[in-house]
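Chemist: Can you read through this structure? Questions will come right after.
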Amino acid sequence: LVSREIYPHDTVIDVGNTPVGGDRFTIMAGPCAIESYEQLLETAKQVKASGATVLRGGAFKPRTSPYSFQGLGVEGLKIMEQVGKEVGMDTITEIMDVNDLDDVARYTSAFQIGARNMQNYTLLKAVGETKHPVLLKRGLSATIEELLLAAEYIVATGNPNVMICERGIRTFETATRNTLDLNAVAFIKEKSHLPVIVDPSHGTGVRTLVGPMAKAGVACGADGLIIESHRNPRESVSDAAQALSPDDFSQLMQQLIPFIKAS
Ligand code: PEP
Ligand code: MN
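Heads up, the final residue of the sequence shown is numbered 333 in the UniProt record's numbering, and it's a clean run with no missing numbers.
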């Protein structure tokens, strides 16, 4: 069902009021984690002013260490809904547990399935039973085929509103956090009609590399970018090393204009 052989067009998915795919190029941006109302509001205003239309931010955080900040949970979702309405942005946040499905769908415009849950088939089927848009992130060690089959799970269960996200994979390289696989972007655009979003933040883990890889993502045919930005990167409680300051984010958006397909 996700194959271009079956549907030889570009699927366009409505994330709230933001169409993703087809002729458009979509910028999703915001902090790694929702830390407080003030933090999210300020960051949202800044990224919106620079051109982002979808606000990202985690309320349920899949942290490597159990002692790291785990997210604000439902309180964070409510903050996101409030900020989205106030600023006029659509919203996306990670869902980790099927038990949170109703809350995440109620308070936000789209689900994000994180890399660590790409093959959580219970979760894939659960979001497949809704019509809520889903950004499916590639697993840390998942092949492209496994990624496309995970997308197939959601669509086959009944939800056609799936976006694929390349967010870097584990390789032998240790200089960067992950290796952003741009082959995958061009390959998936050829094989599938679903929109493809590039995440240069997790793909590199390094602030100064986010811009160059964002541009590379546009150049190889992505339908959008998801970028981590924080009002004060040094204070970010998670993924601080890859967060762009509002000024850096704004500068990058200006630089991207000549690269972006007409929208
Ligand atoms: C995130 O978007 O903050 C995140 C945890 O991403 P990933 O699942 O790609 O690691
Ligand atoms: Mn993050």
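Quick reminder that beta carbons are idealized off the backbone N, C-alpha and C, glycines included.
Along the chain, where does the beta strand (DSSP E) that runs through residue 142 open and close?
Modeler: Counting along the chain, residue 142 falls outside any beta strand (DSSP E), and DSSP gives it neither H nor E.
Chemist: Please classify residue 312 as buried or exposed, where buried requires at least 16 neighbouring CB atoms within 10 angstroms.
Modeler: Only buried fits residue 312, as 16 or more other CB atoms lie within 10 angstroms of its CB.
Chemist: Taking the alpha carbon of residue 300 as the point to measure from, which residue in 88, 72, 118, 92 has its own alpha carbon closest?
Modeler: 118
Chemist: What do you get for residue 269, buried or exposed, if any count of 16 or more other CB atoms within 10 angstroms of its CB means buried?
Modeler: buried
Chemist: Mapping the DSSP letters down to three states, classify residue 307 as helix, strand or coil.
Modeler: Residue state, collapsed to three classes: coil.
Chemist: Taking the straight line between their C-alpha atoms, what separation do you get for residue 129 and residue 241?
Modeler: 28 angstroms
Chemist: Helix, strand or coil for residue 333 per DSSP?
Modeler: Any reading at residue 333 is ruled out, since the residue's pLDDT is 45, under 50, leaving its predicted position unreliable.
Chemist: According to DSSP, residue 163 sits in a beta bridge with which residue or residues?
Modeler: 181
Chemist: Starting from residue 126, trace the beta strand (DSSP E) both ways and give me its first and last residue.
Modeler: Element bounds for residue 126: 124-126.
Chemist: Does the separation of the CB atoms of residue 104 and residue 86 fall below 9 angstroms?
Modeler: no
Chemist: Here's the rule: buried if 16 or more other CB atoms are within 10 angstroms of the residue's CB, otherwise exposed. What is residue 158?
Modeler: exposed
Chemist: Give the straight-line distance between the Cα atoms of residue 165 and residue 131, rounded to the nearest whole angstrom.
Modeler: Between the alpha carbons of residue 165 and residue 131 lies a gap of roughly 9 angstroms.
Chemist: Around the C-beta of residue 329, are 16 or more other C-beta atoms found within 10 angstroms, so that it is buried, or is it exposed?
Modeler: exposed
Chemist: If you measure from each CB to the nearest heavy atom of ligand 2 and keep those under 7 angstroms, what residues do you get, in chain order?
Modeler: 102, 128, 271, 272, 298, 308, 309
Chemist: Identify the residues that DSSP records as bridge partners of residue 99: which are they?
Modeler: 125, 297
Chemist: Which value, in whole angstroms, describes the spacing of the CA atoms of residue 264 and residue 82?
Modeler: 8 angstroms
Chemist: Residue 84 by DSSP, collapsed to three states: which one?
Modeler: strand
Chemist: Please report how far the alpha carbon of residue 167 lies from the alpha carbon of residue 80, in whole angstroms.
Modeler: Rounded to whole angstroms, residue 167 to residue 80 spans 30 angstroms at the Cα level.
Chemist: Can you tell me where the beta strand (DSSP E) holding residue 214 begins and where it ends?
Modeler: Run containing residue 214: none in the beta strand (DSSP E); it sits in the alpha helix (DSSP H), 214-227.
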